[in-house]
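A.B. asks: Heads up, the sequence shown is in this note's numbering, so the first residue is 581 and it goes up one at a time. Here's a structure for you.
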Amino acid sequence: MVKNKTITSFFKRKNEEQQVEGIDDEIQESKRQKGSTSEPVIGPDTCNEQPSEIPQANVNEVDVSSLERDPAKRLEMWKYPVAKREQVRLEYLSLGVYQPHLEEYKPRGPKNNLRRFKFAWFGVYQPKLEEYKPRGPKNNLRRFKFAWFGMFPNWLEYSPTTHKAYCFLCYLYKEKPNEKSGHSAFSCEGFDNWKKVNDGSNCPLLKHIKSSTHKKAFVFATKLVNQEAHIENFIEKQIEEQKRKKRLRLKGTIDIV
């Protein structure tokens, strides 16, 4: 069963909100360095090409009602027409993170010490699968654990296609890759080194949310959602004002008659 989050509930995590203090200044500085642009500036990622067997959408025909949920299959955000990206981002935000709930996640590591992805780490598109694919030596296989979704409900995703974890927010604001290094493990290539997840402060998932790339993506997504809510509220007020004026005109006409 798929667990989806609404746009409103998507940004209620106080611990992540506290991590973005001071990020606005950093974003403005990045914009000044790169010059004006229609897209927000996010640290570039080095991304391998998508496997040929994974279908990609036609960028000239964007149907937001049928966007790909699997992070390993969906079209890279920078490949969408610039004029369509905000619409696509809003649609993805309304759909939430992809977090499949499996009965068992594929393990990774030696046979005597298998590790799996935990479902508790989920919150966005997080599918629950019957089994999560293992990874690692035969004697120490490790798996993704569904419980991990609960620990990172606002951004952690899992692909049943590649059996790797991804960052939903970094995907939304990842730029076209170039020769510079970036946070490609979570935004493009996928992460599956499950052995390190339980390594305390060295946990890659915890380290990722502290990165400037993730923080900026969180700020941009939050602003986009707030802006959309403001626009909807403004439109509603305009409609109510128009209705009020029509009632007054109708009342005036009746009084004259």
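We put the beta carbon where it would ideally sit given N, CA and C, even for glycine.
Give me the Cα-Cα distance between P661 and S792, rounded to the nearest whole angstrom.
C.D. replies: Position 81 of the sequence shown, counted from the first residue, corresponds to residue 661. Position 212 of the sequence shown, counted from the first residue, corresponds to residue 792. For P661 and S792, the distance between alpha carbons rounds to 26 Å.
A.B. asks: Pull up the distance between the alpha-carbon of D779 and that of I819, whole angstroms please.
C.D. replies: For the purposes of this step, residue 779 is taken as the residue at position 199 of the sequence shown. For the purposes of this step, residue 819 is taken as the residue at position 239 of the sequence shown. For D779 and I819, the distance between alpha carbons rounds to 55 Å.
A.B. asks: Specify the secondary structure class of A745 as computed by DSSP and reduced to three states.
C.D. replies: Here residue 745 is taken as the residue at index 165 of the sequence shown, counted from 1. Strand at A745.
A.B. asks: Three-state secondary structure (DSSP) at A727?
C.D. replies: Position 147 of the sequence shown, counted from the start, is the residue given in the question as residue 727. Reduced to three states, the DSSP call for A727 is strand.
A.B. asks: Among residues of its own chain, excluding the 5 on either side of L804, which ones have a beta-carbon nearer than 8 Å to its beta-carbon?
C.D. replies: Taking the first residue of the sequence shown as position 1, residue 804 is located at position 224. E666, R669, L670, L673.
A.B. asks: Thinking R723 and Y712 are a contact (beta carbons under 8 Å), I'd like their distance in whole angstroms, please.
C.D. replies: By one-based count along the sequence shown, residue 723 stands at place 143. By one-based count along the sequence shown, residue 712 stands at place 132. Going by Cβ atoms, the distance from R723 to Y712 rounds to 5 Å, so yes, they are a contact pair.
A.B. asks: Could you compute how far the alpha carbon of L721 sits from the alpha carbon of K776?
C.D. replies: Within the sequence shown, the letter at position 141 stands for residue 721. Within the sequence shown, the letter at position 196 stands for residue 776. Cα-Cα distance, rounded: 13 Å.
A.B. asks: Output the distance between the C-alpha atoms of Q822 and Y746, rounded to the nearest integer angstrom.
C.D. replies: Here residue 822 is taken as the residue at index 242 of the sequence shown, counted from 1. Here residue 746 is taken as the residue at index 166 of the sequence shown, counted from 1. When rounded, the distance between both Cα atoms is 46 Å.
A.B. asks: Who are the near neighbours of R824 in its chain, counting only those whose CB is closer than 8 Å to its CB and skipping five residues on each side?
C.D. replies: Indexing the sequence shown from 1 puts residue 824 at position 244. None.
A.B. asks: Under the rule that 16 or more other beta-carbon atoms within 10 Å means buried, what is A888, buried or exposed?
C.D. replies: Nothing about residue 888 can be read from this structure; the chain reaches only from 581 to 837.
A.B. asks: Within 10 angstroms of its Cβ, does A801 collect 16 or more other Cβ (buried), or is it exposed?
C.D. replies: Start at 1 with the first residue of the sequence shown, and residue 801 comes out as number 221. The residue is buried, with at least 16 neighbouring Cβ atoms inside 10 Å.
A.B. asks: Determine the extent of the alpha helix (DSSP H) in which E671 is found, giving its start and end residues.
C.D. replies: Within the sequence shown, residue 671 is the residue found at index 91, counting from 1. First-last of the alpha helix (DSSP H) with E671: 662 to 675.
A.B. asks: Who are the Cβ neighbours of K790 in its own chain at under 6 Å, not counting the five residues just before and after it?
C.D. replies: As a first step, residue 790 is located in the sequence shown; it is residue number 210 there, counting from the start. Here the set comprises nothing.
A.B. asks: Assuming F766 contacts H788 (C-beta within less than 8 Å), just tell me the rounded distance between them.
C.D. replies: Residue mapping note: residue 766 aligns to position 186 of the sequence shown, counting from 1. Residue mapping note: residue 788 aligns to position 208 of the sequence shown, counting from 1. Confirmed, Cβ separation roughly 5 Å.
A.B. asks: Which same chain residues, not among the five before or five after L749, have their C-beta less than 8 Å away from its C-beta?
C.D. replies: Working through the sequence shown from its first residue, we reach residue 749 at position 169. Answer for L749: N734, W735, H794, A797, F798, A801, listed in chain order.
A.B. asks: Assuming M657 contacts K754 under a Cβ cut-off of 8 Å, what Cβ separation, rounded to an integer in Å, is found between them?
C.D. replies: If you number the sequence shown from 1, residue 657 lands on position 77. If you number the sequence shown from 1, residue 754 lands on position 174. Right, their Cβ atoms sit about 6 Å apart.
A.B. asks: Is it true that the CB of T741 sits closer than 8 Å to the CB of D643?
C.D. replies: The residue labelled residue 643 in the question sits at position 63 within the sequence shown. The residue labelled residue 741 in the question sits at position 161 within the sequence shown. No, Cβ-Cβ distance for D643 and T741 is not below 8 Å.
A.B. asks: Relative to the C-alpha of A652, which residue among A663, K659, S646, Y678 is closest?
C.D. replies: Position 72 of the sequence shown, counting from 1, holds the residue named residue 652. The residue with the shortest Cα to Cα distance from A652 is Y678.
A.B. asks: For L736, report the span of its beta strand (DSSP E) as first-last.
C.D. replies: By 1-based counting over the sequence shown, the position of residue 736 is 156. 736 to 739 is the extent of the beta strand (DSSP E) around L736.
A.B. asks: By DSSP, does F800 sit in helix, in strand, or in coil?
C.D. replies: For the purposes of this step, residue 800 is taken as residue 220 along the sequence shown, with counting starting at 1. Three-state result, F800: helix.
A.B. asks: Cutting at 8 Å between CB atoms, please list the residues of its own chain near N782, excluding the five before and the five after it.
C.D. replies: Your numbering for residue 782 matches position 202 in the sequence shown. Only K776 meet the Cβ criterion.
A.B. asks: Does DSSP put Y678 in a helix, in a strand, or in coil?
C.D. replies: Counted from its first residue, the sequence shown places residue 678 at position 98. Strand.
A.B. asks: For L709, which of helix, strand or coil comes out of DSSP?
C.D. replies: In the sequence shown, the residue the question calls residue 709 occupies position 129. Looking at L709 - three-state DSSP - the assignment turns out to be strand.
A.B. asks: According to DSSP, is L752 part of a helix, a strand, or is it coil?
C.D. replies: Along the sequence shown, read from residue 1 onward, the residue named residue 752 stands at position 172. In the structure shown, L752 sits in a helix (DSSP, three-state: H, G or I).
A.B. asks: Assuming H681 and L655 form a contact by the criterion Cβ under 8 Å, report the distance between their Cβ atoms to the nearest whole angstrom.
C.D. replies: Locating residue 681 in the sequence shown gives position 101, counting from the first residue. Locating residue 655 in the sequence shown gives position 75, counting from the first residue. The Cβ separation is near 25 Å, so there is no contact.
A.B. asks: In the DSSP assignment, what residue or residues form a beta bridge with E786?
C.D. replies: Translated into the one-based positions of the sequence shown, residue 786 becomes position 206. Note that residue 786 corresponds to Leu in the displayed sequence, not to Glu. Beta-bridge pairing links L786 to no other residue.
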